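Q: Under mature numbering (1 follows the signal peptide of the UniProt record, and there is no 0), read the sequence shown as residues -30 to -1, 1 to 446, first letter to last. Even for Gly, the Cβ is constructed at its ideal location relative to N, Cα and C. Small disclaimer: the values here were computed from a predicted structure and weren't measured.
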Amino acid sequence: MTASSTIKHALLAAGVAASLVTLGATWAPAEEVTLTMAVPDWPPTRIMKKFFDEQYKPKSGNHVVLDVDFIPWPDFYTRVNASLTSGEKKYNFIVSDSQWLGAFVEGGYYRKINDLLDADPEFKKTVLSVHPAVLAAYSTYPYKSKNYYGFPQFPDVLVNFARKDVLCDATEQKSFMAKYGKKLPCTGEELDAMTWDDFRNVGEFFRRKKGEMLAGKPLDDDFYGIAYQAGKGYDFASMQINGMIWQMGGNIWDETQAPTGQAEGVVNSPVAVKALEQYLGMIEYMPPVAKTGTMDIFKTDELFREGKVAMNVDWIGLGEGTIDPKISKVADKLVVGMMPGTLVDGKLVRWSNIGGQPFVLTTWTTPLQTKEAVEFVKWWLSDDIQRQFAAAGGQSAIKSVYEDPKYVTYRPWNRAWAASLDWQKDVWHVPQFFELLTEQQDQFDLAITGEQDAKTTLDNIAKFQQNLLTEAGLIQ
């Protein structure tokens, strides 16, 4: 380059800079920003990462990388807890289970987001427009307060996955009617109308041995009518049992009633015992693995995909596998309905424990990382991306998205989504949640494996909770 051309380039650059200053703008080079995220390893988070890599373009012009640590579900809490409490400050962003909020807020790890919402009224409007049950579960601590900590990442509910080829078979329909005096549920609408008694009847009716006939064909393996969570690990059994207790009019310890709300007399009330007895009474109609305490959400999903179960209550988050012909023998045989309910005074009550997770920011995340994380969440919660997410197997709790008539066409389970939302409650958000959960899971496992009855189980849980929560000052 000649001396004259060097001078020209310098003058041009100076002119551009001067113009930017005159216009009130400043120029800054693009920065490299890495957001390190811990997530459970399952379809909703894999879809999220794929969307980010293929579509996301930061408005800032910075080069933003989403470095995702996919962690198996059974290890998810222990891995994240170990990272946070060790002080390593590895993660900026966590797809957190809602019940972790209290422990990790009080520990100083999760960042309150009220200021971020207040600084952006449009974004605040979007976040506060999610379904109230989802917002309360994923964002608030104390539970149902106005203190917000999480942005919705993937909302989830339990639904009933079923095999229409078996359920709609004319011979099976005729035999079921002859035995129970009721029509065998076959369509999505008929699944929606099921009670737990109906579900039990399906379990009893379809318990078949290898070589017996099923829908006009001899079975090459044992077959079972029903499945749901009965696993000791993490929160698996609790998520199903809590719903049955609520449906029958019972309750778990209610943190919103602290410090006057009790555990003893509530957790082990007669109606709660009856609900647990109902839950335990259906396990005999499930595959034998259910009696071992290892029937987690993945095992029930696996058994259903292998064609060994007629109906499976499980999370929508695992639904993608059921329609993938590479791993599912029933991919073209699926019909989905709402989870069964309980008839109370002629009305079908459908309370269930909400699933899914929020995004949370950690307290050591830098201002620049926080800015880019919020921009990513705004993009994630935009109507277009939420619709794409639903079409790819996810869900949206934003009313304008899920109430669009097209929403139910994206996936077979979407027909059950909106109707289920109003029936969602959440388990505890308090810092003692892990002790509460671990003891409860251990006790439920003793009942599931036949080592103790329902009343003893709930009496033990109630006593433990009463003592723990009293020591913590949450019960007086």
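Quick one: what's got a C-beta closer than 8 Å to residue 443's C-beta in the same chain, skipping five residues either side?
A: Contacts found: 229.
Q: Report the rounded CA-to-CA distance for residue 118 versus residue 352, giving the unit in angstroms.
A: If you take the alpha carbons of residue 118 and residue 352, they lie about 19 Å apart.
Q: Could you tell me if residue 354 is buried or exposed, where buried requires 16 or more neighbouring beta carbons within 10 angstroms of its beta carbon?
A: Under this definition residue 354 is an exposed residue.
Q: Relative to the alpha-carbon of residue 200, which residue among 411, 424, 366 and 309 has its alpha-carbon at the smallest distance?
A: Of the listed residues, the one whose Cα sits closest to residue 200 is 411.
Q: Just verifying my parser: in three-state terms, what is the DSSP assignment at residue 121?
A: Note: residue 121 maps to strand in three-state DSSP.
Q: Identify every run of the alpha helix (DSSP H) within the region 169 to 224, keeping only runs that are complete inside it and at least 4 residues long; order them along the chain.
A: DSSP runs (the alpha helix (DSSP H)) wholly in the region 169 to 224: 206 to 217.
Q: Suppose you measure from the CA of residue -10 to the CA of residue 6; what does that come to, to the nearest Å?
A: Because residue -10 sits at a pLDDT of 44, beneath the cut-off of 50, its placement in the model cannot be relied upon, and the point is left open.
Q: The beta strand (DSSP E) spanning residue 17 covers which residue range?
A: Here residue 17 belongs to no beta strand (DSSP E); instead the alpha helix (DSSP H) covers 13 to 25.
Q: Check the DSSP bridge columns for residue 317 and list the partner residues they point to.
A: BP columns for residue 317 point to 314.
Q: For residue 422, which of helix, strand or coil comes out of DSSP?
A: Coil.
Q: Would you mind giving the Cβ-Cβ distance between residue 104 and residue 125, rounded to the nearest angstrom? I have them listed as a contact below 8 Å.
A: About 5 Å separates the two Cβ atoms, so the contact holds.
Q: Determine whether the beta carbon atoms of residue 320 and residue 210 lie at a separation below 8 Å.
A: Going by C-beta atoms, residue 320 is not nearer than 8 Å to residue 210.
Q: Among 278, 317 and 400, whose alpha-carbon lies nearest the alpha-carbon of residue 195?
A: Nearest of 278, 317 and 400 to residue 195, Cα basis: 278.
Q: Measure the alpha-carbon distance for residue 436 versus residue 312 and round it to whole angstroms.
A: For residue 436 and residue 312, the distance between alpha carbons rounds to 28 Å.
Q: Can you look up residue 275 in the DSSP assignment and give me helix, strand or coil?
A: Reduced to three states, the DSSP call for residue 275 is helix.
Q: Which two residues bound the contiguous alpha helix (DSSP H) that contains residue 147?
A: Counting along the chain, the alpha helix (DSSP H) containing residue 147 begins and ends at 140 to 150.
Q: If we count the other Cβ atoms within 10 Å of its Cβ and call it buried at 16 or more, is residue 56 buried or exposed?
A: Burial call: exposed.
Q: Pull up the distance between the alpha-carbon of residue 409 and that of residue 66, whole angstroms please.
A: Between residue 409 and residue 66, the C-alpha separation is close to 21 Å.
Q: Quick one: which unbroken alpha helix (DSSP H) runs of 4-plus residues sit fully inside the region 318 to 402? Chain order, please.
A: Correct list: 337 to 350, 353 to 361, 369 to 372 and 387 to 391.
Q: Mind checking which residues open and close the alpha helix (DSSP H) that includes residue 52?
A: Run containing residue 52: 43 to 56, per the alpha helix (DSSP H) assignment.
Q: Residue 10 lies in the beta strand (DSSP E); which residues open and close that run?
A: Where residue 10 is concerned, the enclosing beta strand (DSSP E) stretches over 2 to 10.
Q: So what's residue 430 in DSSP terms, helix, strand or just coil?
A: If DSSP states are grouped into helix, strand and coil, residue 430 belongs with the helices.
Q: For residue 253, which residues from the same chain have a beta carbon less than 8 Å from its beta carbon, with the 5 sequence-adjacent residues on both sides left out?
A: Correct list, in chain order: 200, 260, 261 and 418.
Q: Between residue 224 and residue 397, what straight-line distance do the alpha-carbon atoms span, to the nearest angstrom?
A: In a straight line, the C-alpha of residue 224 is about 9 Å away from that of residue 397.
Q: Do three or more CB pairs link the region 229 to 244 to the region 182 to 190 at distances below 8 Å?
A: The region 229 to 244, when compared against the region 182 to 190, does not touch it at the 8 Å Cβ threshold.
Q: So what's residue 110 in DSSP terms, helix, strand or just coil?
A: Of the three classes helix, strand and coil, the one that applies to residue 110 here is strand, per DSSP.
Q: I need the straight-line Cα distance from residue 424 to residue 165, nearest angstrom please.
A: Cα-Cα distance, rounded: 21 Å.
Q: Assuming residue 13 and residue 363 make a contact with CB atoms under 8 Å, what is their CB distance in whole Å?
A: Confirmed, about 6 Å.
Q: Excluding the 5 residues flanking residue 19 on each side, which residues of the same chain have their C-beta closer than 7 Å to its C-beta?
A: These residues qualify, in order along the chain: 36 and 38.
Q: Would you mind working out which of 291, 314 and 95 sits nearest residue 304, comparing C-alpha positions?
A: Nearest option by C-alpha distance: 291.
Q: Indicate the three-state DSSP secondary structure (helix, strand or coil) for residue -6 in the structure shown.
A: Residue placement at residue -6 cannot be trusted, given a pLDDT of 46 that sits under 50; what the coordinates show is reported in the next sentence. Here residue -6 sits in coil by DSSP.
Q: Confirm, please, whether the CB-CB distance from residue 140 to residue 161 is below 8 Å.
A: No, the Cβ-Cβ distance between residue 161 and residue 140 is not below 8 Å.
Q: Using three-state DSSP, classify residue 280 as helix, strand or coil.
A: Strand, per DSSP.
Q: Mind the definition here: the region 326 to 343 touches the region 44 to 64 only if three or more C-beta pairs lie below 8 Å; say whether that holds.
A: Enough Cβ pairs lie closer than 8 Å, so yes.
Q: Within its chain, find whatever has a CB closer than 8 Å to the CB of residue 403; leave out the 5 residues flanking it on each side and keep chain order.
A: Excluding sequence neighbours, residue 403 sits near 69, 70, 72, 73 and 397.
Q: Rounded to a whole number of angstroms, what is the C-alpha to C-alpha distance between residue 94 and residue 234?
A: Residue 94 and residue 234: Cα-Cα distance of roughly 40 Å.
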